[in-house]
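Quick note on my numbering: the sequence shown kicks off at 98 and runs consecutively.
No residue lacks a Cβ here, since even glycine has one placed at the ideal position from N, Cα and C.
Note that the structure is predicted; figures quoted are calculated from it, not measured.
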Amino acid sequence: MSRARVVLIVSTVVLLAVLGAGAAALFAGTGSGRGYTYGIALNDLPDERPVGVAVRLPGLDGPPGRVIFVRDGSSVTAFSAVDTRTGCEVLIPGDRDYDELVAPRPRTAPLLGDNCGGSRWAIDGRCLGGPCPRDLDRYPVEVVDGRA
């Protein structure tokens, strides 16, 4: 085997190890020992703007799921990022395709919307229109050491 090939293989293995360790650290967070990760620092949540965060939820195995956090002053609300009718992902401002699929027209307040059924929600999770049968599912939020 050529020296260049050995260097390529070793470099690839080291890169994968570093990326794996980084991903593990990212999702390990500062958990409370209750089997889930605190989602986001309050300082990273802009006031009244939805933010999507990958978190582990209590009682659920598997990879982290996306949760939408909205801060209003010192209060934080969290919603499922799954459409209540179709199971599609709920898009927030800043997501790819958001402007095209959810809010192509000028708007005064941010909306949440699914990318396949046309449902729209307010940033407090209320169903505003489209085929959504109900409000988005809410998750209880606990703020500990400045993290939601």
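N- and C-terminal bounds of the alpha helix (DSSP H) containing L198: In the DSSP assignment, L198 falls within the unbroken alpha helix (DSSP H) covering 195-198.
As a quick exercise: from Y236, D169, S177, pick the residue whose alpha carbon is nearest that of W218. Per the Cα distances, S177.
Per DSSP, R146 forms a beta bridge with which residues? Answer by DSSP bridge pairing: none, since R146 is not bridged.
DSSP three-state call for L209: helix, strand or coil? Strand, per DSSP.
Quick one: is C213 buried, meaning 16 or more other Cβ sit within 10 Å of its Cβ, or exposed? When all chains shown are included, C213 counts as exposed.
Cβ shell of D180 (< 8 Å), same chain only, five flanking positions each side left out: E186, V187, D211, C213, G214, S216, C229, listed in sequence order.
In its own chain, which residues sit with a C-beta less than 6 Å from the C-beta of I220, not counting the 5 before and 5 after it? The answer, listed in chain order, is P147, V167, P207.
For G130, which residues in the same chain have their Cβ closer than 6 Å to its Cβ, ignoring the five residues on either side in sequence? Because G130 carries a pLDDT of 37, less than 50, the predicted location of this residue cannot be relied on, and the following value inherits that uncertainty. Setting aside the 5 residues that flank it on each side, G130 has no residue in the same chain whose C-beta is closer than 6 Å to its C-beta.
Using a 10 Å radius around the Cβ and a threshold of 16 neighbouring Cβ atoms, would you call L113 buried or exposed? Low confidence applies to L113: its pLDDT is 42, below 50, so where it sits in the model is not reliable enough to give any reading.
Exposed or buried, V241, counting other C-beta atoms within 10 Å across all chains shown (16 or more means buried)? Answer is exposed; the Cβ neighbour count stays below 16.
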